[in-house]
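Okay, so here's the structure we're looking at.
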Amino acid sequence: MDRSQKLSETEYEIMEVLWKSQVPMSSAQLASYFAEHHNKEWKPSTLATFLSRLTQKGLITSHREGRVHYYRPIKSKKDYARDGAQGILDALYDGSIKNFFAALYGGSQMSEEDRETLKEWLDNQ
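And the structure:
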């Protein structure tokens, strides 16, 4: 994952709401949601800054209807997670899945069930 797409905790919370929403949301709708569900009272300029950063990172887009901007995700949560996992694999394990599993299990044995699940998954790739 490109460093420019790493999200702050708040940016991720906003993305979670947008990913779950079936329709684009205005900044007023987002502010209302966070006030009601997360007890966060943001000034309009604060939320606008977060939305601008998410737009710059290529994760959301907006369209205008009258004087209101509506925001929706461009990248799915699944794609964001995949890119993040690949970034970790590249940065910490030289892109090697073998190095990742060696670090994950650190010398301990993988269970037979985990081996079978992994083998099945690899066979389907």
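In UniProt numbering, the protein residues as written are 1 to 125. For each residue, glycine too, the CB sits at the ideal point set by N, CA and C.
Cβ contact annotation for F100 (same chain, cutoff 7 Å, sequence separation greater than five): L89 and Y93, in chain order. The residues P24, M25, S26, S62 and H63, in chain order, have a CB closer than 7 Å to that of Y70 in the same chain once the five nearest residues on each side in sequence are set aside.
Around the beta carbon of I97, fewer than 16 other beta carbons sit within 10 angstroms, so the residue counts as exposed.
For P73, the enclosing beta strand (DSSP E) starts and ends at V68 to P73. Bridge pairing for H63: Y70 [DSSP].
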